[in-house]
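Worksheet: the structure to be examined is printed underneath.
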Amino acid sequence: MAATHAQRSTREIFTTLEYGPVPESHACALAWLDTQDRHLGHYVNGKWLKPERRNSVPCRDPITGENLASCPQAQAEDVAAAVEAARTAWENWSGLPGASRAQYLTRLAKMIQKHQRLLWTLESLVTGRAVREVRDRDIPLAQQLLQCHAVQAYTQEETLAGWEPMGVIGLILSPTFSFLEMMWRICPALAVGCTVVVLVPPGSPTPLLLAQLAGELGSFPGILNMINGPASLGPILASQPGVQKVTFCGAVEEGRVLRRTLAGQGAELGLALGAESLLVLTEAADVDSAVEGVVDAAWSDRSAGGLRLLIQESVWDETMRRLRERMARLRGGRGLDGAVDMGARGAAAHDLAQRYVREAQSQGAQVFQAGDVPSVSPFFPPTLVSDLPPASPCTQAEVPWPVVVASPFRTAKEALAVANGTPRGGSASVWSERPGQALELGYGLRVGTVWINAHGLRHPEVPIGGCKESGSSWHGGPDGLYEYLRPSGTPARLPSLSENLNYDTFGLAVPLTLPSGPEIGPSPAAPYGLFIGGRFQAPGARSSRCIQDSKGNLHAYVAEGGAKDIRGAVEAAHQAAPGWVTRPPGARASLLWALASALERREPALASALERHGVELKTAKVEVELSVRRLRAWGARAQAQGHVLQVAELRGPVLRLREPLGVLAIVCPDEWPLLAFASLLAAALAHGNTVVLVPSGVCPIPALEVCQDMATLLPAGLVNVVTGDRDHLTRCLALHQDVQALWYFGSAQGSQFVEWASAGNLKPVWVNRGHPRAWDQEAQGAGPELGLRAARTKALWLPMGD
Amino acid sequence: MSARNLGTELDLSWISKIQVNQPAVLRRAEQIQARRVVKKEWQAAWLLKAVTFIDLTTLSGDDTSSNVQRLCYKAKYPIREDLLKALNVHDKGLTTAAVCVYPARVCDAVKALKAAGSTIPVASVATGFPAGQTHLKTRLEEIRLAVEDGATEIDVVINRTLVLTGQWEGSDFIKTSTGKETVNATFPVAIVMLRAIRDFFWKTGNKIGFKPAGGIRSAKDSLAWLSLIKEELGDEWLTPELFRIGASTLLSDIERQIYHHVTGRYAAYHDLPMS
Numbered sequence: 001m002a003a004t005h006a007q008r009s010t011r012e013i014f015t016t017l018e019y020g021p022v023p024e025s026h027a028c029a030l031a032w033l034d035t036q037d038r039h040l041g042h043y044v045n046g047k048w049l050k051p052e053r054r055n056s057v058p059c060r061d062p063i064t065g066e067n068l069a070s071c072p073q074a075q076a077e078d079v080a081a082a083v084e085a086a087r088t089a090w091e092n093w094s095g096l097p098g099a100s101r102a103q104y105l106t107r108l109a110k111m112i113q114k115h116q117r118l119l120w121t122l123e124s125l126v127t128g129r130a131v132r133e134v135r136d137r138d139i140p141l142a143q144q145l146l147q148c149h150a151v152q153a154y155t156q157e158e159t160l161a162g163w164e165p166m167g168v169i170g171l172i173l174s175p176t177f178s179f180l181e182m183m184w185r186i187c188p189a190l191a192v193g194c195t196v197v198v199l200v201p202p203g204s205p206t207p208l209l210l211a212q213l214a215g216e217l218g219s220f221p222g223i224l225n226m227i228n229g230p231a232s233l234g235p236i237l238a239s240q241p242g243v244q245k246v247t248f249c250g251a252v253e254e255g256r257v258l259r260r261t262l263a264g265q266g267a268e269l270g271l272a273l274g275a276e277s278l279l280v281l282t283e284a285a286d287v288d289s290a291v292e293g294v295v296d297a298a299w300s301d302r303s304a305g306g307l308r309l310l311i312q313e314s315v316w317d318e319t320m321r322r323l324r325e326r327m328a329r330l331r332g333g334r335g336l337d338g339a340v341d342m343g344a345r346g347a348a349a350h351d352l353a354q355r356y357v358r359e360a361q362s363q364g365a366q367v368f369q370a371g372d373v374p375s376v377s378p379f380f381p382p383t384l385v386s387d388l389p390p391a392s393p394c395t396q397a398e399v400p401w402p403v404v405v406a407s408p409f410r411t412a413k414e415a416l417a418v419a420n421g422t423p424r425g426g427s428a429s430v431w432s433e434r435p436g437q438a439l440e441l442g443y444g445l446r447v448g449t450v451w452i453n454a455h456g457l458r459h460p461e462v463p464i465g466g467c468k469e470s471g472s473s474w475h476g477g478p479d480g481l482y483e484y485l486r487p488s489g490t491p492a493r494l495p496s497l498s499e500n501l502n503y504d505t506f507g508l509a510v511p512l513t514l515p516s517g518p519e520i521g522p523s524p525a526a527p528y529g530l531f532i533g534g535r536f537q538a539p540g541a542r543s544s545r546c547i548q549d550s551k552g553n554l555h556a557y558v559a560e561g562g563a564k565d566i567r568g569a570v571e572a573a574h575q576a577a578p579g580w581v582t583r584p585p586g587a588r589a590s591l592l593w594a595l596a597s598a599l600e601r602r603e604p605a606l607a608s609a610l611e612r613h614g615v616e617l618k619t620a621k622v623e624v625e626l627s628v629r630r631l632r633a634w635g636a637r638a639q640a641q642g643h644v645l646q647v648a649e650l651r652g653p654v655l656r657l658r659e660p661l662g663v664l665a666i667v668c669p670d671e672w673p674l675l676a677f678a679s680l681l682a683a684a685l686a687h688g689n690t691v692v693l694v695p696s697g698v699c700p701i702p703a704l705e706v707c708q709d710m711a712t713l714l715p716a717g718l719v720n721v722v723t724g725d726r727d728h729l730t731r732c733l734a735l736h737q738d739v740q741a742l743w744y745f746g747s748a749q750g751s752q753f754v755e756w757a758s759a760g761n762l763k764p765v766w767v768n769r770g771h772p773r774a775w776d777q778e779a780q781g782a783g784p785e786l787g788l789r790a791a792r793t794k795a796l797w798l799p800m801g802d
Numbered sequence: 001m002s003a004r005n006l007g008t009e010l011d012l013s014w015i016s017k018i019q020v021n022q023p024a025v026l027r028r029a030e031q032i033q034a035r036r037v038v039k040k041e042w043q044a045a046w047l048l049k050a051v052t053f054i055d056l057t058t059l060s061g062d063d064t065s066s067n068v069q070r071l072c073y074k075a076k077y078p079i080r081e082d083l084l085k086a087l088n089v090h091d092k093g094l095t096t097a098a099v100c101v102y103p104a105r106v107c108d109a110v111k112a113l114k115a116a117g118s119t120i121p122v123a124s125v126a127t128g129f130p131a132g133q134t135h136l137k138t139r140l141e142e143i144r145l146a147v148e149d150g151a152t153e154i155d156v157v158i159n160r161t162l163v164l165t166g167q168w169e170g171s172d173f174i175k176t177s178t179g180k181e182t183v184n185a186t187f188p189v190a191i192v193m194l195r196a197i198r199d200f201f202w203k204t205g206n207k208i209g210f211k212p213a214g215g216i217r218s219a220k221d222s223l224a225w226l227s228l229i230k231e232e233l234g235d236e237w238l239t240p241e242l243f244r245i246g247a248s249t250l251l252s253d254i255e256r257q258i259y260h261h262v263t264g265r266y267a268a269y270h271d272l273p274m275s
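Below you can see the structure in the form of structure tokens.
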């Protein structure tokens, strides 16, 4: 380590030509802590809040263990005070013209510029990360974030018309995430007019410093509030009146727990989980540059996580040799040394890495460690793990910092299969000088960000997010703004928590359907089957339920679907997915238009079915007509997806792609039985999803009628419609690990269950909490919100140069 | 010189297989300058080391024996003796790696160095420098004459017409450029060349030297070049046998930095002897 050589003379160094320490003074960080007498507080409503009688948590230098200051551990009343401040501030802040908010954000960016040295030394001191990375990357990026979002705020009235700020946003940070992660989230929230309460992990003073800098601008105290406390205070934060959304970034398991505990709470939940990244190195790559990509990804203090490295077999030996050579030249040490590649991340990160490496070894892996890194905790050397058996637990587990797990692949197709075969979907890079191959891999990877021949590039205008267990919350770019907006006129979210909802038994048993009185009147039609895989089939349970009309007479029998039928439907949808995704938007549009025409032809039957359920004939006709229009409208919109972003500093474009979610399950509402069905289905199909759909419970007949047209028009399995007990079917869908997203329009209890159950595979869910929607209104029935929910974004970076 | 590069069978498939991603190399070039900083004693030692890699050069149309003589003296005594004493390196025999002149001035240089009692090699640019667009016959004759005059190292401008048509030549050292181009020694280009040197070493066991030339003027630049070599090739390349910096004004900036390190003051122009 550099520090051990401190007494070398010029004469000695002249011979050895070694590197020396480049210490960055942290005197200003200590001086700032002294201004608070080394007792930090919460920062609420533009003032320090130092309540008495709180447990205090030390803030330590992760390398020396020296106690730098103490932070109070928040109690519920502190959280309440912060939310109250944010709520009061929101009333003014959200009503300001965007230009005023833009001005404020610009002033804050300048404030950061003035105190940048204090910020970077404090951040490096308390996190242990290399000061070079904080100083040269994080702080400039923080300023850029504020400036870019100031521009967004300025143009908000024009570009985001029809949307309004949600309200108070709770942000929960995990201890492993940096100050920059917080900036990525508070900038868009503040820009669009939300106010923020951040739950800062104990012992992380940099966010407090930022809040103080913001507070010292004088105007608008209370828009940014900081509370010291662990993530376990999350439910208390989420249940405060006025909190409309809680955003969490941290470990996957923590996110899962939070998802379960926040089910049914007032606040929506946005999750950004895990930190592992992926690098695919093909034989057509510039291998030396790709090796630098590995360094950027895992061994340069840029990312909080480890790296999974896939290397094409034909260049395996060459790549491993270069990697080992390169690793030997890496330097680790105290983060405040300006010439180290890697700092340290504290004892917890060290132990996590240690455990992973030992386990990998015991499972038969080869471990290579190198670099000039002190051999004491919390320092951990750059580590390369290879030959890990494919089925070993370490292959499935998340790779921790600073570990790289290398495994070979034979063909690009196999690389995709391996890369997509994990529950994680954060970021990845592809290294290939063959543009065709690079794009094939870039499009095929199921992740939120793909860099071609680069790794870890970031820009405020490019959205970052993920899919699968990496969570579906976004920051940066347009997607980052929508996280904190809702369509204008949407009522505020209120808690609909049902304390006595039993998750174990909800929808477990299907109520028995017994004959319900004599069949009177005209003989009802033959029972409808389940529409699965393109044809009607009998339910596994071999029983039917009767549907009564508005007068209580028997209207029809429909199939009683169950768990096995859901399984079959999801399988059919998966089989249809590859064909549908690769269909050009134009072909998707023409199918939706064909379906619209079929609906038009079926109008008399549909209208009369609706009429039997108490809808006036005139209204019924309007519902059919609107449904036709929705199918056509989404067909037309299918063609306008995604766009190209131009980013300063980067030569070349960034593509913002809109990719299908996959198999989307939709539980339709009881209201507007045909229109809601058509609106949801059209939005889902237009974006390339395949669908398993549960139609209205009281009036499923119109949907089943439409299935007869779908049987002839659509590819088999693209749309599957399952009737039966809604709670039971909802349970089966919500707990299904291979359903990629779920929209639920039903009871408050059902919504709560869906939120709880989605923690299993962390699928994005959209629930109505028992509130009916005005499906006949353009905004609620066909607005951009549906389009946003029906696809996920992928940012594809394409740097150019010859 | 290390063992001569005896060359190898020309295998163009090596070259066709090489992939270079320009944006990635540009990023690496930026990083390497920011990530490897040296300060204080380390900086002084590194700067002194950099002196030993310099091919102290004068390549002007108006070179005469008097300025070549001054150059040679500076090559022998590159840093003021009292500064070296203060750093306790005065007994290391610190000189530049070579002096580099036009063929017609080789004689002057050899004479001046001999008079100064020095064994510093004389390098000469030859073969129609800097364009290299002369006949092979005169090019060879030029080399022969320079060697006859006492030059022990020849910087050859290769025939780029042949290179661009795939007919390569071999060498012991490769240079980034002549120093007379509009763009000379840049980091991205150097990274690509250094990686080629390493690959060649891995394949054949031959160590090829590297000489960036042109535009390296500040002490800070020279430190960045040293760390670039250290990072991409390793310490074994940090020797005058395998690494040279072609420069004329760099040395005076290094001397100024050493002066500042030793005295804590910035030097006036007249405090240090000119070259």
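Listed in order, the protein sequences are those of chains A and B. All residue numbers for the first sequence refer to the working numbering, where the first residue is 1 and numbers rise by one. All residue numbers for the second sequence refer to the working numbering, where the first residue is 1 and numbers rise by one. In this text, a Cβ means the ideal position worked out from N, Cα and C, and glycines have one as well. Predicted model, so just to flag it, every value in this text is computed and none were measured.
- Beyond the five residues adjoining it in sequence on each side, residue 103(A) comes within less than 8 Å, by CB distance, of 150 in the same chain, given in chain order.
- As computed with DSSP, residue 672(A) is found in no beta bridge at all.
- If you check the CB distance, residue 188(B) and residue 20(B) do not come in under 7 Å.
- Rounded to the nearest whole angstrom, the C-alpha separation of residue 307(A) and residue 279(A) is 7 Å.
- Two segments are said to touch when three or more pairs of C-beta atoms, one from each, lie closer than 8 Å; by this definition the region 60-69 of chain B touches the region 100-111 of chain B.
- Ranking 239(B), 168(B), 269(B) and 149(B) by CA distance to the CA of residue 157(B) puts 168(B) first.
- Here residue 179(A) carries a helix assignment [DSSP, helix/strand/coil].
- For residue 97(B), there are no neighbours in chain A by C-beta distance under 8 Å, as the nearest C-beta there is about 15 Å away.
- Judged by beta-carbon spacing, residue 442(A) lies within the 7 Å limit of residue 430(A), meaning their Cβ atoms are closer than that value.
- In this structure, residue 109(B) places its C-beta atom within 7 Å of the C-beta atom of residue 99(B).
- For residue 48(B), the nearest CB of chain A lies under 7 Å from its own CB, placing it at the interface with that chain.
- In chain order, 52, 53, 54, 55, 240 and 244 place their CB closer than 7 Å to the CB of residue 97(B), counting only its own chain and leaving out the 5 sequence neighbours on each side.
- One finds 132 and 136 in chain A with Cβ atoms closer than 7 Å to the Cβ of residue 34(B), taken in chain order.
- In chain order, 284, 285, 286 and 433 make up the part of chain A whose C-beta sits under 7 Å from the C-beta of residue 19(B).
- Contact between residue 753(A) and residue 734(A) holds: their C-beta atoms lie close to 7 Å from each other, under 8 Å.
- If you look at residue 488(A), you'll find it isn't in any alpha helix (DSSP H); DSSP assigns it neither H nor E.
- Between the alpha carbons of residue 397(A) and residue 27(A) lies a distance of about 41 Å.
- By the Cβ rule, the region 614-627 of chain A does not count as touching the region 759-769 of chain A, because fewer than three pairs are nearer than 8 Å.
- Setting aside the 5 residues that flank it on each side, residue 687(A) is surrounded in the same chain by 638, 641, 658, 660, 661, 787, 790 and 791, each with a C-beta closer than 8 Å to its C-beta; the list follows chain order.
- With at least 16 other beta carbons inside 10 angstroms of its own, residue 230(B) counts as buried.
- Taken through DSSP and simplified to helix, strand or coil, residue 220(A) comes out as coil.
- CA-CA distance, residue 78(B) to residue 224(B), rounds to 20 Å.
- Counting every other CB atom within 10 Å of its CB across the protein chains shown gives residue 14(B) a total below 16, marking it as exposed.
- Taking all protein chains shown into account, residue 131(B) has fewer than 16 neighbouring C-beta atoms within 10 Å of its C-beta and is therefore exposed.
- Using a Cβ-Cβ cut-off of 7 Å, residue 238(B) counts as an interface residue toward chain A, since at least one Cβ of chain A sits closer than that to its own.
- Taking the Cα positions, residue 560(A) is about 36 Å away from residue 424(A).
- Chain A places a beta carbon closer than 7 Å to that of residue 39(B), counting this residue as a contact.
- Judged by pairs of C-beta atoms under 8 Å, the region 444-455 of chain A does not touch the region 493-505 of chain A, as fewer than three such pairs exist.
- Residue 495(A) places its beta carbon 7 Å or farther from that of residue 477(A).
- Sequence-distant partners of residue 106(A) (beyond 5 residues in either direction) whose C-beta falls short of 6 Å from its own C-beta, in its chain, are 150.
- For residue 342(A), the three-state secondary structure derived from DSSP is strand.
- Partner residues in the beta bridge of residue 766(A), as assigned by DSSP, are 743(A).
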